[in-house]
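Presented below is the structure to which this report refers.
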Amino acid sequence: MKIKSAEFVVSNSEVAKCPNTLIPEYAFIGRSNVGKSSLINMLADRKSLAKTSGRPGKTQLINHFLINKNWHLVDLPGYGYARVSKKDKKYFQKFITDYFERRSQLISAFVLIDSRHEPQPIDTAFMEYLGKRQIPFSIIFTKADKLKPQALERNIETYKSILLATTWEEFPNYFISSSTNGIGQEEILGYIQKINDNLSV
Ligand code: GTP
Ligand code: MG
Numbered sequence: 105m106k107i108k109s110a111e112f113v114v115s116n117s118e119v120a121k122c123p124n125t126l127i128p129e130y131a132f133i134g135r136s137n138v139g140k141s142s143l144i145n146m147l148a149d150r151k152s153l154a155k156t157s158g159r160p161g162k163t164q165l166i167n168h169f170l171i172n173k174n175w176h177l178v179d180l181p182g183y184g185y186a187r188v189s190k191k192d193k194k195y196f197q198k199f200i201t202d203y204f205e206r207r208s209q210l211i212s213a214f215v216l217i218d219s220r221h222e223p224q225p226i227d228t229a230f231m232e233y234l235g236k237r238q239i240p241f242s243i244i245f246t247k248a249d250k251l252k253p254q255a256l257e258r259n260i261e262t263y264k265s266i267l268l269a270t271t272w273e274e275f276p277n278y279f280i281s282s283s284t285n286g287i288g289q290e291e292i293l294g295y296i297q298k299i300n301d302n303l304s305v
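Sequential numbering of the sequence shown, starting at 105, is according to my numbering.
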């Protein structure tokens, strides 16, 4: 997919105020600092369409971007609270779960995982949450440039085997990305394009 245009549309604190159109959308979610906003800029071929930061917690709102005038990219804040008490299982902020449960324009989500880390409870819990609600998603392993190819491959294999041994019968569709060198751009955009093409026939 060629990016012909990429425009910021609006930021909202609640799903009810998000654009009231039928434009299909794709949301990027994951822990704070995993690289959601950087990935959106990389995909859109724009340096600072979405705001990024070295400090976690930069994105605080639901941000809509219009790509090629026909689909939305959605940048979300990181999920999870800093400290989660076991008995109060409120893992995810309400406006994030509201977004996923109410946003009928959402076609598919991308759950971003830092490729350097082993499965973290908050990420696996979020994927289970999506699975239970039958919300389609793919995984994106981010910051691939920070690892040597062999280590990257090993980490992904470990990630797969842990998920397959615990919750998932089949490993979700996944991509590998780096916002610094553009790895994954073609694959992710191609995937979105294919879905969009199927929607319009
Ligand atoms: P929040 O908005 O706080 O939830 O974070 P985010 O997930 O949007 O992360 P953001 O894109 O702001 O990136 C966080 C930090 O990671 C920044 O310092 C980025 O420069 C860095 N970063 C993001 N993607 C990559 C990548 O692919 N490679 C490398 N080396 N650094 C990255
Ligand atoms: Mg962000």
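Virtual Cβ for every residue (Gly too), placed ideally from N, Cα, C. All of these numbers come straight from a predicted model, not from anything done at the bench.
Exercise. Is the beta carbon of Thr246 within less than 6 angstroms of some heavy atom of the ligand MG?
Worked result: In the sequence shown, residue 246 corresponds to position 142, counting from 1. It does not: the Cβ of Thr246 is nowhere closer than 6 angstroms to a heavy atom of the ligand MG.
For this session: Could you tell me the distance, in whole angstroms, from the CA atom of Thr262 to the CA atom of Phe279?
Result: By 1-based counting over the sequence shown, the position of residue 262 is 158. By 1-based counting over the sequence shown, the position of residue 279 is 175. Cα-Cα distance, rounded: 15 angstroms.
Problem set entry | Opposing strand residues paired with Ser152 [DSSP bridges] | Position 48 of the sequence shown, counted from the first residue, corresponds to residue 152. In the DSSP assignment, no residue is bridged to Ser152.
Problem set entry | Within 7 angstroms, strictly: CB atoms of Glu129 and Leu210 | As a first step, residue 129 is located in the sequence shown; it is residue number 25 there, counting from the start. As a first step, residue 210 is located in the sequence shown; it is residue number 106 there, counting from the start. Yes. Within cutoff.
Exercise. What residues match up with Leu216 in a beta bridge as DSSP calls it?
Worked result: Here residue 216 is taken as the residue at index 112 of the sequence shown, counted from 1. Paired residue(s): Gly134 and Ile244.
For this session: Consider the C-beta atom of Thr163 and the heavy atoms of the ligand MG; say whether any pair is separated by less than 6 angstroms.
Result: For the purposes of this step, residue 163 is taken as the residue at position 59 of the sequence shown. Yes.
Problem set entry | Member of Ser152, Leu147, Gln164 and Val114 whose CA lies at the smallest distance from the CA of Lys198 | In the sequence shown, counting from the first residue as 1, residue 198 sits at position 94. With distances taken between Cα atoms, Lys198 lies closest to Gln164.
Exercise. Just checking, does the stretch 132-149 make contact with the stretch 202-222 on the three C-beta pairs under 8 angstroms criterion?
Worked result: The answer is yes - the stretch 202-222 touches the stretch 132-149, with three or more Cβ pairs under 8 angstroms.
For this session: State whether the stretch 234-245 contacts the stretch 265-279, with contact taken as three or more CB pairs (one from each stretch) at a distance under 8 angstroms.
Result: Taking 8 angstroms as the limit for Cβ pairs, the verdict is that the stretch 265-279 does touch the stretch 234-245.
For this session: Would you kindly work out how many angstroms separate the C-alpha atoms of Asn145 and Val113, rounded to a whole number?
Result: Taking the sequence shown and counting its residues from 1, one reaches residue 145 at position 41. Taking the sequence shown and counting its residues from 1, one reaches residue 113 at position 9. Taking the straight line joining both Cα atoms gives about 14 angstroms.
Exercise. Would you say Ala229 and Tyr203 are within 7 angstroms of each other, going by their C-beta atoms?
Worked result: Here residue 229 is taken as the residue at index 125 of the sequence shown, counted from 1. Here residue 203 is taken as the residue at index 99 of the sequence shown, counted from 1. It is not a contact, given that the beta carbons lie outside the stated cut-off.
For this session: Would you identify the three-state DSSP class for Ser115, choosing helix, strand or coil?
Result: For this step, residue 115 is matched to residue 11 along the sequence shown. In the structure shown, the three-state DSSP call for Ser115 is strand.
Problem set entry | Paired residues, beta bridge with Ala110 - DSSP | Taking the first residue of the sequence shown as position 1, residue 110 is located at position 6. Bridge partners of Ala110: Ile171.
Exercise. Going by C-alpha distance, which of Ser282, Ile226, Ala269 and Thr201 is nearest Ala120?
Worked result: As a position in the sequence shown, residue 120 is number 16, starting the count at 1. The residue from Ser282, Ile226, Ala269 and Thr201 with its alpha-carbon nearest to that of Ala120 is Thr201.
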